[in-house]
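Chemist: For the sequence shown, the working numbering gives the first residue as 3, with consecutive numbering after it.
What follows is a single structure, and I will ask about it in a moment.
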Amino acid sequence: MAATVLDGRSLATRIEDSLRAEVETFAAMFRHRPRLVVVLVGDLAASASYVKSKSAAAARVGIDSEVVAAPATATTAELVALVESIARGERGRADGILVQLPLPDHVDSVAVLDAVPPQLDVDGFHPENAGLLSQGRPRFVPCTAAGVQRLLIDAEIETAGRHAVIVGRSDIVGKPLALLLSAKAPSTAAPPARHGCDATVTLCHSRSADLATLTRQADILVAAVGRPKMITAEMVKPGAAVIDVGINRVDGRLVGDVDFESVSQVAGQITPVPGGVGPLTVAMLLANTLLAAELRGRNGHA
Ligand code: GUN
3 MAATVLDGRS LATRIEDSLR AEVETFAAMF RHRPRLVVVL VGDLAASASY VKSKSAAAAR
63 VGIDSEVVAA PATATTAELV ALVESIARGE RGRADGILVQ LPLPDHVDSV AVLDAVPPQL
123 DVDGFHPENA GLLSQGRPRF VPCTAAGVQR LLIDAEIETA GRHAVIVGRS DIVGKPLALL
183 LSAKAPSTAA PPARHGCDAT VTLCHSRSAD LATLTRQADI LVAAVGRPKM ITAEMVKPGA
243 AVIDVGINRV DGRLVGDVDF ESVSQVAGQI TPVPGGVGPL TVAMLLANTL LAAELRGRNG
303 HA
């Protein structure tokens with residue numbers, strides 16, 4: 003039986019529709035729009051394309067955005083100084099700052115990311131935001147991890163008491179997603195808001211022994227490794243929900259970490275690439291930017 007394909011695009015459109023209304027309410031109250039500043043370093047075509055789609059999505063919901071470009075030759079110190087100047091408001095108001103990754107090899111990415119003040123860190127990468135998430139009191143949650151959780155909630159895929167296996171331990175996706183899915187559901191939450199937490203989580207990585215034995219135990223299998231089509235049908239339990247976070251460019255085409263053709267014959271639900279998790283990452287960035295502007299407004303700095 004073929005799996006149900008989870009349509010990330012249509013969910014992202016619904017999220018954008020509700021964000022647009024919230025942004026209008028914010029703008030009427032504070033007399034300005036939330037504003038996102040994106041730092042784009044160098045001339046990687048993929049990064050330029052992602053940044054373009056983030057700016058276009060911001061415009062669709064009424065969030066102002068600006069892209070600040072820096073040359074591929076920029077040093078760590080120059081980029082840190084650039085981020086600091088944006089944070090001080092020297093390039094106009096910034097409610098949120100996003101430094102598009104990857105940065106050139108000679109740059110100390112951690113130093114540049116750490117220069118983003120935690121209150122403006124709409125990517126959720128700053129140690130303060132990572133720490134808050136790990137303590138179960140999230141502020142800005144990394145966008146892709148938040149998008150995967152949102153997709154599970156929307157599709158009403160039960161997570162409580164079930165086994166989620168995540169392949170990939172990155173700070174951007176694997177680790178925060180493990181924290182989200184294993185978090186205790188708020189006692190007041192009713193279904194379907196209870197979906198997306200209370201799972202038993204296994205976090206796999208490149209040194210995990212006998213990966214297929216682990217992935218075959220998954221009720222929910224998340225692939226976030228960046229290796230084209232590495233998850234094949236034999237690695238999937240029949241009926242499992244398979245979430246593909248991979249965005250790999252192969253011969254000019256986008257290919258996920260999951261071999262969609264074979265896995266969709268075994269899985270219960272599956273996300274496509276493109277059109278699965280990707281649009282949700284962007285939608286969660288917009289939600290984080292609105293949240294950043296709201297927190298700033300609430301603190302009297304609007
Ligand atoms: N490059 C690939 N994914 C991401 C992301 O989620 N945030 C940033 N800043 N850069 C990325």
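Here a beta-carbon is modelled for each residue, glycine too, at the ideal position from N, C-alpha and C.
Measure the alpha-carbon distance for Leu135 versus Leu179 and round it to whole angstroms.
Modeler: Between Leu135 and Leu179, the C-alpha separation is close to 10 Å.
Chemist: Is Gln102 close to the ligand GUN? I mean its beta-carbon at under 7 Å from any heavy atom of the ligand.
Modeler: Yes - the ligand GUN has a heavy atom lying nearer than 7 Å to the Cβ of Gln102.
Chemist: When DSSP labels each residue in this structure, what does Val39 get in the three-state scheme?
Modeler: Three-state DSSP puts Val39 in a strand.
Chemist: Given a cut-off of 8 Å, decide if Ile159 and Gln267 are closer than it, judged by their beta-carbon atoms.
Modeler: Not in contact: Gln267 and Ile159 (Cβ atoms no closer than 8 Å).
Chemist: Considering only residues of the segment 178-222, which uninterrupted alpha helix (DSSP H) runs meet the minimum length of 4 residues and lie entirely inside it, listed in chain order?
Modeler: Within the segment 178-222, the complete alpha helix (DSSP H) runs of at least 4 residues are 213-217.
Chemist: In its own chain, which residues sit with a C-beta less than 6 Å from the C-beta of Gly198, not counting the 5 before and 5 after it?
Modeler: Cβ within range, chain order: Gln151, Leu154, Ile155, Thr161.
Chemist: Return yes when the C-beta of Thr291 is under 7 Å from any heavy atom of the ligand GUN, and no when it is not.
Modeler: Not so, every heavy atom of the ligand GUN lies at least 7 Å from the Cβ.
Chemist: Decide if Lys54 is buried, meaning its Cβ has at least 16 other Cβ atoms within 10 Å, or exposed.
Modeler: Exposed, by the Cβ-count rule.
Chemist: Please state whether DSSP places Val112 in a helix, a strand or coil.
Modeler: Reduced to three states, the DSSP call for Val112 is helix.
Chemist: Say the cut is 7 Å; is the CB of Cys145 nearer than that to a heavy atom of the ligand GUN?
Modeler: Yes; taking the cut-off as 7 Å, the Cβ of Cys145 has a heavy atom of the ligand GUN nearer than that.
Chemist: What I want to know is whether the C-beta of Ile174 ends up closer than 7 Å to one or more non-hydrogen atoms of the ligand GUN.
Modeler: Yes - the ligand GUN has a heavy atom lying nearer than 7 Å to the Cβ of Ile174.
Chemist: If you measure from the CB of Ala125, is any heavy atom of the ligand GUN nearer than 7 Å?
Modeler: In the sequence as displayed, the identity of residue 125 is Asp instead of Ala. Answer for Asp125: yes, Cβ within range of the ligand GUN.
Chemist: Assign Ala61 to one of two classes, buried (16 or more other C-beta atoms within 10 Å of its C-beta) or exposed (fewer than that).
Modeler: Under this definition Ala61 is an exposed residue.
Chemist: My output table needs one value for Glu26: the three-state DSSP class, helix, strand or coil.
Modeler: Helix at Glu26.
Chemist: In the structure shown, what three-state DSSP assignment does Leu84 receive?
Modeler: Helix, per DSSP.
Chemist: Would you mind sorting Asp253 into buried or exposed? The rule is 16 or more other CB atoms within 10 Å of its CB.
Modeler: The residue in question, Asp253, is exposed, as its Cβ has fewer than 16 Cβ neighbours within 10 Å.
Chemist: Going by DSSP, what residue range makes up the alpha helix (DSSP H) through Gly299?
Modeler: That run of the alpha helix (DSSP H) goes 279-300.
Chemist: Within 10 Å of its beta-carbon, does His207 have 16 or more other beta-carbons around it, so buried, or fewer, so exposed?
Modeler: With fewer than 16 Cβ atoms within 10 Å of its Cβ, His207 is classed as exposed.
Chemist: Put Ala242 into one of helix, strand or coil per three-state DSSP.
Modeler: The answer is coil: DSSP assigns Ala242 none of H, G, I, E or B.
Chemist: Is the beta carbon of Gly277 closer than 8 Å to that of Arg11?
Modeler: Result yes, Cβ atoms of Arg11 and Gly277 sit closer than 8 Å.
Chemist: For Glu236, which residues from the same chain have a beta carbon less than 6 Å from its beta carbon, with the 5 sequence-adjacent residues on both sides left out?
Modeler: Excluding residues within five positions, none has a Cβ falling inside 6 Å.
Chemist: Given 8 Å as the limit, is there contact between the segment 85-99 and the segment 31-43, that is, 3 or more CB pairs closer than that?
Modeler: A contact exists between the segment 85-99 and the segment 31-43.
Chemist: Which whole-angstrom value describes the C-beta separation of Val275 and Val257, a residue pair presumed to lie in contact below a C-beta threshold of 8 Å?
Modeler: Contact holds; Cβ gap of about 7 Å.
Chemist: Just verifying my parser: in three-state terms, what is the DSSP assignment at Glu130?
Modeler: Correct three-state label for Glu130: helix.
Chemist: Considering only residues of the segment 53-78, which uninterrupted beta strand (DSSP E) runs meet the minimum length of 3 residues and lie entirely inside it, listed in chain order?
Modeler: Those beta strand (DSSP E) runs which fall completely within the segment 53-78 and span 3+ residues are 66-72.
Chemist: DSSP three-state call for Gln102: helix, strand or coil?
Modeler: Three-state result, Gln102: coil.
Chemist: So the beta strand (DSSP E) Ile168 belongs to, where does it begin and stop?
Modeler: Run containing Ile168: 165-169, per the beta strand (DSSP E) assignment.
Chemist: Considering Leu46, what are the terminal residues of the alpha helix (DSSP H) in which it resides?
Modeler: Careful: Leu46 lies outside any alpha helix (DSSP H) and carries neither H nor E.
Chemist: Taking one C-beta from the segment 293-300 and one from the segment 27-36 each time, how about it: are there three or more such pairs within less than 8 Å?
Modeler: Result yes; three or more Cβ-Cβ pairs closer than 8 Å.
Chemist: So does the segment 20-30 actually touch the segment 83-97, counting three or more Cβ pairs closer than 8 Å?
Modeler: No: fewer than three Cβ pairs fall under 8 Å.
Chemist: So, at 6 Å on beta carbons, what are the nonlocal neighbours of Glu130 in its own chain, with the 5 sequence-adjacent residues on each side left out?
Modeler: These residues qualify, in order along the chain: Pro120.
Chemist: Taking its Cβ as the centre, do 16 or more other Cβ atoms sit within 10 Å of His128, making it buried, or is it exposed?
Modeler: By the 10 Å Cβ count, His128 comes out buried.
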